[in-house]
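Visitor:
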Amino acid sequence: MRCGFCGFEFKEEEGFKGCKNCPMSSGCKMVKCPRCNYENAPEPLVVKRIKNIFKKIQLFAQRRKDTKKE
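Numbering follows this note's numbering, in which position 48 of the sequence shown is assigned residue number 294; successive positions increment by one, without gaps.
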């Protein structure tokens, strides 16, 4: 995911979850950027799946390119 404030790209697992002082701490799904601590909404599942599809396409293209070189 990409931070909406500083533009840092990070995995959702790398961000900090849940504020301890927040009144919505039990239901809050905000993810804090590891670089600037800006709270971002988590990426929707659709966005995650689309990114995953593009990663697979890039890997497939790279493997195909590598096999043509041999």
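Glycine residues also receive a C-beta, built at the ideal position from the N, C-alpha and C atoms.
Values in this document were obtained by computation on a predicted structure and should not be read as measured data.
Less than 8 Å between the beta carbons of M276 and E258, yes or no?
Guide: Here the question's residue 276 lines up with position 30 in the sequence shown. Here the question's residue 258 lines up with position 12 in the sequence shown. Cβ atoms of M276 and E258: not closer than 8 Å.
Visitor: To the nearest angstrom, how far is it from the Cα of K278 to the Cα of N286?
Guide: In the sequence shown, counting from the first residue as 1, residue 278 sits at position 32. In the sequence shown, counting from the first residue as 1, residue 286 sits at position 40. Spanning the two alpha carbons is a distance of roughly 6 Å.
Visitor: Less than 8 Å between the beta carbons of F251 and C274, yes or no?
Guide: As a working mapping, residue 251 is identified with position 5 in the sequence shown. As a working mapping, residue 274 is identified with position 28 in the sequence shown. Not a contact, by the Cβ cut-off of 8 Å.
Visitor: Just list the residues that DSSP pairs F262 with in beta bridges.
Guide: By 1-based counting over the sequence shown, the position of residue 262 is 16. Beta-bridge pairing links F262 to K278.
Visitor: For P280 and G261, which I take to be in contact (beta-carbon distance under 8 Å), what is that distance rounded to the nearest angstrom?
Guide: One-based indexing of the sequence shown puts residue 280 at position 34. One-based indexing of the sequence shown puts residue 261 at position 15. The Cβ separation is near 6 Å, so the contact holds.
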